[in-house]
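A quick write-up on the structure given underneath.
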Amino acid sequence: MYNLDSYIQEAKEIPVKLPLDDAEIFYYPNFISKKTADTYFQKLRKDTQWQQDVITVFGKTHPQPRLTALFGADRKTYTYSGITMYPTPFTKILLYIKESVVQVCNSNFNTVLLNLYRSGSDSNGWHSDDEKELGKNPVIASVSFGVERFFQLKNKKDTSLTYKLTLHHGSLLLMKGKTQHFWHHQIPKTKAPINERINLTFRNIV
Ligand SMILES: O=C(O)CCC(=O)C(=O)O
Ligand SMILES: [Mn+2]
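In this text, residue positions in the sequence shown follow our numbering: the first is 7, and each later residue adds one.
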């Protein structure tokens, strides 16, 4: 079922560039076919050892409003919001997804952070992926499975500049260049009674 060649052929490689200044963000709505994305969602949901960390934001500690897991090609740790995560080795399915992402973005990744949003009350607050270990202009490749959620962007200097898009099942969002210097992003909570979503962000930790 996980034949790499047929998988890559299935990948739809037509991106939309978001109309934002000081950002290089490309959205591939149909990166992975629905059928393959369904299979990946089920497998990632079941086979991942999800964890819930306690984070520190503005000096306050609370449980992170989602579950996470970190996978890496080596033992490089990843630290953000006062948490240090220790990676476990990439699984076969994560390697397949990584290969198809590498094909379209011409960069390699040694780490992937998984987020599981269990319901509309799980979220990911305003932040940028600008940790030192990601380097100066990081390429972040974000693959989504499961229910659609809003992804919001807000300019750091002029907070009236905002943008919102829906991240679809099987989509890829690629952020590169100076994006993390100029923009924050978040997955807001929603009151709608919704199902689960899994997001993978491929990163290169230097
Ligand atoms: O879930 C998403 O789409 C975004 C995840 C994210 O921004 C992160 O993990 O840094
Ligand atoms: Mn992020």
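All residues carry an ideal CB built from backbone N, CA and C; glycine is no exception.
For Thr42, the three-state secondary structure derived from DSSP is helix.
Around the C-beta of Gly152, 16 or more other C-beta atoms lie within 10 Å, and the residue is accordingly described as buried. Collapsing the DSSP output to three states places Thr185 in a helix. With the rule of 3 Cβ pairs closer than 8 Å, the segment 109-126 counts as touching the segment 64-84.
Spanning the alpha carbons of Ile31 and Asn114 requires a straight line of approximately 17 Å. In the structure shown, the three-state DSSP call for Glu30 is strand.
Around the beta carbon of Pro69, fewer than 16 other beta carbons sit within 10 angstroms, so the residue counts as exposed. The residue among Leu26, Ile20, Pro21 with its C-alpha nearest the C-alpha of Tyr169 is Leu26. Contact annotation: Asn161 and Trp189 have beta-carbon atoms nearer than 8 Å. Residue burial is scored here from C-beta neighbours: Gly141 has fewer than 16 other C-beta atoms within 10 angstroms and is therefore classed as exposed. By the criterion of a C-beta distance shorter than 6 Å, Asp136 is surrounded in its chain by Gln186, once the five residues flanking it on both sides are discounted.
For Ile211, the shortest C-beta to heavy atom distance toward ligand 1 is 7 Å or greater.
Residue pairing for Ile193: DSSP places it in a beta bridge opposite Asn130.
About 6 Å separates the CB atoms of Ser148 and Asn205; that is less than 8 Å, so the two are in contact.
The way I'd put it, the segment 89-98 doesn't touch the segment 30-44; fewer than three beta-carbon pairs between them come closer than 8 Å. The beta carbon of Val212 lies closer than 7 Å to those of Glu139, Gly141 in the same chain, with the five residues before and after it left out. Residue range 98-111 is occupied by the alpha helix (DSSP H) that includes Gln109. Here DSSP, grouped into helix, strand and coil, assigns Leu50 to helix.
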